[in-house]
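Only one structure is covered here, and it is reproduced in the block below.
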Amino acid sequence: MELRVLAVGDVVGEGGLQCLEQHLRSLKKLYRIDFCVVNGENASGTGLTPKQADRMLDAGADILTLGNHSFDRREICAYLDDCPYILRPANLHPSLPGRGFGVFETKIGQVGVVNLLGRCNLDFRPDNPFRVIDKVLKELDGLPVLLDFHAEATSEKLAMAYYLDGKISAQWGTHTHVQTADEQILPKGTGYLTDLGMTGPVHSVIGVKPEQSIANFRGELTSRYETAPGPCMLAGAVFTIDAKTGRCTAAERVALRD
């Protein structure tokens, strides 16, 4: 028996959310998906509202993960405590609302899902994710584990993957909004992709209006970033997990456009 897991990259703006609603169920059917994890932290551009979270779960996501914008929308705080199907990074301060990992029932039994935040090139420094994951894995006690590592640096994501190779079933990266082409199974059986990419506007700079991004790099930006209009794409990856060993047997990138 196997578990087929679909991981979907950062949903960006209303366009990305509508793209998810339009395509997720058919994509799950096409790839015979048993379990789906979606990163939702950019559904408001930055941050996520309870209504947007409900829409993603209604669209077919089993679990939602977040990242450095976890608390940009204050109304999400109570939702994080109340809803067991949304995770914020486990290496944020424990006094903050929500949870960083959970155990969920699947067709192969219980599976752990973990959300971590990287520390390289971010505006703040959460707790060391390499230390925190050790504690989390002790609590998950040998279950198959899926990890969304929301991080900027490729090197940090790869280092984490090799550190966890053989300890978890699959790790994927989020945050950069650009899908990488390095899907692989590491030597000890952990599936890996550096970044899933984003679910958001095609004609954009990682989801933002190109003219605003250009103005920012020229030192001329005078307004807040806005999500770009137009057709959207959905990006992610499918990981196949063996029920007996917990190892990943296949990893495949997924990308489609409106």
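Residues in the sequence shown are numbered from -4 upward in steps of one, following this note's numbering. Each residue gets a CB set at the ideal place from its N, CA and C atoms; glycine is no exception. For clarity, every value in this text was computed on a predicted model and none was experimentally measured.
Could you check what DSSP says for GLN17 in three-state terms: helix, strand or coil?
The answer is helix: DSSP assigns GLN17 an H, G or I state.
Extent of the continuous beta strand (DSSP E) to which CYS227 belongs:
227 to 237
Buried or exposed: ASP25, going by 16 or more other Cβ atoms within 10 Å of its Cβ?
In the sequence under discussion, the amino acid at residue 25 is Leu, which differs from the Asp named in the question. Under this definition LEU25 is an exposed residue.
Would you call the CB atoms of THR44 and ILE81 closer than 8 Å?
No, the Cβ-Cβ distance between THR44 and ILE81 is not below 8 Å.
Spatial neighbours of CYS115 within its chain, please: C-beta separation below 8 Å, excluding the five flanking residues on both sides.
These residues qualify, in order along the chain: ALA146, GLU147, ALA148, SER150, GLU151.
Mind checking who ASN110 pairs with in its DSSP beta bridge?
ASP143
DSSP on PRO196, reduced to helix/strand/coil?
strand
Verify whether the separation of the beta carbon atoms of LEU112 and ASN63 is less than 8 Å.
yes
Taking all protein chains shown into account, do 16 or more other C-beta atoms lie within 10 angstroms of the C-beta of ARG83, making it buried, or fewer, making it exposed?
buried
Can you tell me whether DSSP reads THR101 as helix, strand or coil?
strand
What's the gap between the Cα of LEU52 and the Cα of THR175?
The straight-line gap from Cα to Cα measures roughly 26 Å.
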